[in-house]
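Engineer: Oh and the sequence shown: position 334 is 334 in full-length UniProt numbering, straight run, nothing missing. Beta carbons: idealized from backbone N, C-alpha and C, even for Gly.
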Amino acid sequence: MPAVTNMAKVNGTHATPATTSPSDLVKASKCFVQRRLDEAYSLLAPYIKQQQPDQQLKSFIWTLYLRISTERTNTDDEWRTCLQGFGGLGYLPPDVLVAGLLLLIRRSQHQNARDAFESWLSLQEDEFFNGIHANPDGPQSQAYERLVELYVLHILPHVGDFTSSQEFLTYNDLLSLSKREVLLKHVNVIRIKTAESSKEQRHHTKTKHHEQSTSPATTEAAASSESTSTKPIPIAAPAPVITAPQVQNIIDESPDNSAVSTPARPPPLRPLPPIPQQQQLAQTTPLVMQAPQPSQPTSIVDTPWFKLLMILAPILGISGILAIVVTRPPVRARLNAFLQTKFGQTLVTIARKVYQTASMGLNVQTF
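1) Am I right that ILE190 and LEU153 are in contact with their C-beta atoms under 8 Å? What's the rounded C-beta distance?
2) Can you say whether ILE192 is buried or exposed, counting buried as having 16 or more other CB atoms within 10 angstroms of its CB?
3) Thinking C-alpha only, which one of TYR91, PHE117, ILE68, ASN135 is nearest SER176?
4) Whole alpha helix (DSSP H) runs in the stretch 335-364 with 4 or more residues, listed along the chain?
5) Three-state secondary structure (DSSP) at ASN130?
6) By the DSSP assignment, the alpha helix (DSSP H) with GLN55 in it spans what residues?
7) Tell me whether the beta-carbon of LEU103 lies closer than 7 Å to the beta-carbon of LEU156.
8) Runs of 4 residues minimum, wholly inside the stretch 71-128: which ones carry the alpha helix (DSSP H) assignment?
9) Leaving out the 5 sequence neighbours to the left and right, which residues in its chain are closer than 7 Å to LEU184 when beta-carbon positions are compared?
10) Whose C-beta lies closer than 7 Å to the C-beta of GLU39 among residues of the same chain, with five residues either side of it excluded?
11) Under 7 Å, do LEU37 and LYS27 count as touching if we go by C-beta distance?
12) Restricting to Cα atoms, I'd like to know which of LEU121, TRP120, GLN109, LEU97 is closest to ILE61.
13) Ordered along the chain, which non-local residues of its own chain (more than five positions away) have a Cβ less than 6 Å from that of ARG114?
14) Taking all protein chains shown into account, do 16 or more other C-beta atoms lie within 10 angstroms of the C-beta of ALA195, making it buried, or fewer, making it exposed?
15) Taking the continuous alpha helix (DSSP H) assigned at VAL148, which residues delimit it?
16) If we ignore side chains and look at the alpha-carbon of each, how far apart do CYS82 and SER69 end up?
17) Counting only the same chain and skipping the five closest in sequence on each side, list residues whose C-beta sits under 7 Å from that of PRO94.
18) Identify the continuous alpha helix (DSSP H) that holds THR163 and give its terminal residues.
19) Using a 10 Å radius around the Cβ and a threshold of 16 neighbouring Cβ atoms, would you call GLY85 buried or exposed?
20) By the DSSP assignment, the alpha helix (DSSP H) with ILE48 in it spans what residues?
21) Consult DSSP for THR207 and reduce its assignment to one of helix, strand or coil.
22) Hey, would you say LEU123 sits closer than 7 Å to GLY90, going by beta carbons?
23) Does the Cβ of GLU200 have 16 or more other Cβ atoms within 10 Å, making it buried, or fewer, making it exposed?
24) Within 10 angstroms of its Cβ, does ALA333 collect 16 or more other Cβ (buried), or is it exposed?
25) If I measure Cβ to Cβ from ILE132 and keep anything under 7 Å in the same chain, skipping five residues before and after, which residues do I get?
26) Since PHE162 and VAL182 should fall inside the 8 Å C-beta cutoff, what is the C-beta to C-beta distance between them, to a whole number of angstroms?
27) In whole angstroms, what separates the C-alpha of ARG352 from that of MET360?
28) Quick one: what does DSSP say LEU183 is sitting in, helix, strand or coil?
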């Protein structure tokens with residue numbers, strides 16, 4: 001295929017002759033597939049500036065151009081350039097419009113995408129719709145189905161118009177019944193997910209608002225504002241009260257105070273007698289709580305060691321016991337320590353019962 005040379009008119013000015021070759025177009029396609037977007041754009045730019053007589057080649061070039069622009073830039077210049085290249089929205093082929101809608105959706109311009117598709121559809125002639133009816137499996141029909149998918153599944157749901165999606169599919173006779181049922185099913189799924197997401201978002205917003213309203217800072221601010229609003233109104237200070245001496249001074253200073261009868265003053269109070277020093281010490285000395293002292297046995301018979309000696313008396317004899325007690329004080333101290341143990345307390349209990357039994361004159365076997 002020979003090289004094509006043409007003079008393009010861009011933005012009202014004549015550009016220099018641009019020479020293109022099919023190899024550059026193929027190379028631009030490969031660069032786009034390999035995500036080398038800048039290189040693909042530079043190779044495709046000369047084709048955009050030319051008027052292509054072949055409509056199929058022109059559609060391919062502009063479709064590739066819009067797809068590269070979708071991934072490469074974030075401006076709308078490419079979309080406007082495409083409309084100028086075809087002479088208006090109504091002259092765009094379906095496959096080029098698909099690339100244009102993808103560009104607008106990628107830029108989150110869903111309302112512009114809706115307006116573009118609806119305007120394009122209203123500008124189509126009957127020949128377009130008859131061609132779809134005549135060849136349901138043709139490339140034009142496939143491009144139209146792709147446009148409908150973008151319209152009802154990606155554009156209208158983002159603008160919150162699910163009713164238009166259902167109505168468009170219900171009364172669309174260009175699509176097969178099975179295709180319409182599949183699209184309607186997807187629309188219902190998107191509707192349910194959108195409703196659930198909105199409900200969760202409202203719940204999250206409500207919870208966040210409740211947490212902010214119950215936070216300590218918010219509570220303190222509310223309490224401060226409430227205390228400020230309920231602050232009592234200051235009351236004026238009462239008038240000064242004139243005491244009896246002041247009244248007397250006023251009467252004395254008046255010119256005719258002789259005519260005023262003043263009450264007799266009470267006699268002065270006598271000073272109290274001095275408090276004795278011992279009583280002062282008793283009043284100033286703080287009370288100290290003393291711990292109760294353990295009760296002392298009233299008789300030597302009640303002591304535990306004496307009762308133990310009564311048990312040992314038949315073995316050691318009275319004289320031996322007395323000798324131990326009188327001549328060996330350390331033994332007595334150790335005996336007292338022994339009687340404080342659990343075993344010593346048991347012996348004391350037994351000795352007490354034996355002593356009581358013996359004093360009553362009873363037989364020991366009755367114990």
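Structural biologist: On the basis of the coordinates in this document:
1) 7 Å
2) exposed
3) ASN135
4) 342-359
5) helix
6) 55-72
7) no
8) 77-86, 94-106, 110-122
9) GLN166, LEU169
10) CYS31
11) no
12) LEU97
13) ILE155
14) exposed
15) 139-149
16) 11 Å
17) GLN140, ALA143, TYR144, LEU147
18) 162-170
19) buried
20) 37-48
21) helix
22) yes
23) exposed
24) exposed
25) GLN140, SER141, TYR144, LEU174
26) The pair is not a contact, with the Cβ atoms about 16 Å apart (cut-off 8 Å).
27) 12 Å
28) helix
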